[in-house]
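Trainee: full-length UniProt numbering numbers the first residue of the sequence shown as 1 and each following residue consecutively.
Backbone N, C-alpha and C define an ideal beta-carbon position, used for all residues, glycine too.
Small disclaimer: the values here were computed from a predicted structure and weren't measured.
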Amino acid sequence: MIDVDISSRLGDFSLSAKFEVNSGITAIFGKSGAGKSSLIRMIAGLSAPDNGRIALGERVVFDRAASINVPIQQRGVGMVFQDSRLFPHMNVERNLLYSQWAAGRKSAVGLAEIAELLGISHLLKRRPHGLSGGEKQRVAIGRALLSNPQLLVLDEPLASLDASRKAEILPYLLKLKNEFGIPMLYVSHSLGEIEQLADTLVLLDAGSVVAHGPIAQMLSNLELPQLASGPDAGSLLFATLNTYDEQWQITEFGLEGQVLQLPGQLGTVGQDARIRIKAKDVALARKAPEEASVRNVLSVVIEGITETSGPYAEVDCRVGEQHLRARLTRHSVHELQLVAGQQVFALIKSVALDQ
Ligand SMILES: Nc1ncnc2c1ncn2[C@@H]1O[C@H](COP(=O)(O)OP(=O)(O)OP(=O)(O)O)[C@@H](O)[C@H]1O
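1) Rounded to the nearest angstrom, how far is the Cβ of G270 from that of G320, given a contact under 8 Å?
2) Using CA atoms only, rank isn't needed, just tell me which of G230, R165, L237, A206 is closest to A198.
3) Can you have a look at L341 and say buried or exposed, based on whether 16 or more other CB atoms are within 10 angstroms of its CB?
4) Please confirm whether V80 and V139 have their CB atoms less than 8 Å apart.
5) Using a strict less-than 5 Å threshold between each residue's beta carbon and the heavy atoms of ligand 1, what residues do you get?
6) Smallest Cα separation from R202: which of I68, I194, G213?
7) Less than 8 Å between the beta carbons of K36 and G30, yes or no?
8) Going along the chain, which residues of its own chain have a beta-carbon closer than 7 Å to the beta-carbon of R318, five neighbours each way excluded?
9) Could you check which residue in L56, R85, F87 has the C-alpha nearest to that of Q74?
10) Quick check on the DSSP output: the beta strand (DSSP E) that includes A55 runs from which residue to which?
11) Can you name the start and end residues of the beta strand (DSSP E) that V80 belongs to?
12) From the DSSP output, in three-state form, read off F62 for me.
13) Report yes if the CB atom of V294 is closer than 8 Å to the CB atom of I215, and no otherwise.
14) Fully enclosed by the region 127-185, which alpha helix (DSSP H) runs are 4 residues long or longer?
15) On a Cα-Cα basis, can you pick out the residue from A288, L241, L117, P88 that is closest to Y172?
16) Could you tell me the distance, in whole angstroms, from the CA atom of R127 to the CA atom of L151?
17) Under three-state DSSP, which class holds K31?
18) Indicate whether the contact test is met: 3 or more Cβ pairs, each with one atom in the region 228-244 and one in the region 173-182, closer than 8 Å.
19) Quick check on this structure: which residue in N22, G24, A34, D5 has the alpha carbon closest to the alpha carbon of D12?
20) Could you spell out where the alpha helix (DSSP H) holding A216 opens and where it closes?
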């Protein structure tokens, strides 16, 4: 558990953050200048807030009233920055070992295991200048892990990478979460990254935490325009891989007693999956369509309809216990006479999947 209740002035900027999050990956999300880096610097111990308290698990690492300010080396926080900050004169192996030495404690997991997990075993004797951006970032993550941290803080670790390098690193971050169970604070501007990784989201705006909570709930909250508007806004649904049909090469996922079909072999039976569906890729129909090419049709119940000042309306639908959002024109909502409480069919045109 990370428990933060702090306030601080940085020049003309005021930062005020109060939230409690459990383990897993917590995304710190907000626009440029919202205060994300300032907040995590204070949690890591790189700077001290004017007031308040920070506890990491059972340990109070900062408490202004009690004059507690545990220095960074003793906070047990591993950090990864946008630029990998590797030592150029040391090879990868020595870079990795450095943090263990600097922290003065041995990691619970050995170098070989971490190198294997991050896919960098073959790079140990190389110097950083010959590595790709993605490889450097994996080494930086390994280095942070070898300090045996109780919390890993990643400040926009993928921001300097192109899309294909990003896609290369994301699975490693998921492996870290699943295999090490180490709590992570993950700062990012990118909603796409956060949707794939995070369990919890802390939303910062102009120096204040405006909301925090489980990721799917935050994304479906239409009162948070920072998350709910924009062309990529949508829903995150948790499903399980049911079967793979070899003949048609279609994978079927179970979602609240209904099914979604996606092309290709997308994992193993029983595996959990995150399904991301953009609101603009969902259409609604009063009757189940017949002879349509759209394969994914879910029976849903309309929870609420929010009309914007423009041509669109956001329709919040419930699928079992989960939420699916559709962005329709206000004209369609009017023509179909859609109202809250009504059972309708959601036609899903496109889906992104993360395991
Ligand atoms: N030491 C400081 N003195 C004065 N102002 C500061 C200081 N540190 C940060 N700020 C200001 O605080 C605000 C928040 O900065 P911060 O770097 O935390 O934002 P951010 O959300 O991480 O932004 P970005 O996504 O662009 O990295 C900015 O306006 C910045 O100029």
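Mentor: Taking the structure as given:
1) With a Cβ gap of about 19 Å, G270 and G320 do not count as contacting.
2) L237
3) Residue 341 is actually Gly in this sequence, not Leu. Burial call: exposed.
4) no
5) L10, G11, F13, S32, G33, A34, G35, K36, S37, S38
6) A quick correction: the sequence has Val, not Arg, at residue 202. Looking at the Cα atoms, G213 is the closest of the given residues.
7) yes
8) V300, V301, E303
9) L56
10) 51-56
11) 77-80
12) strand
13) no
14) 133-146, 163-180
15) L117
16) 27 Å
17) coil
18) no
19) A34
20) 215-219
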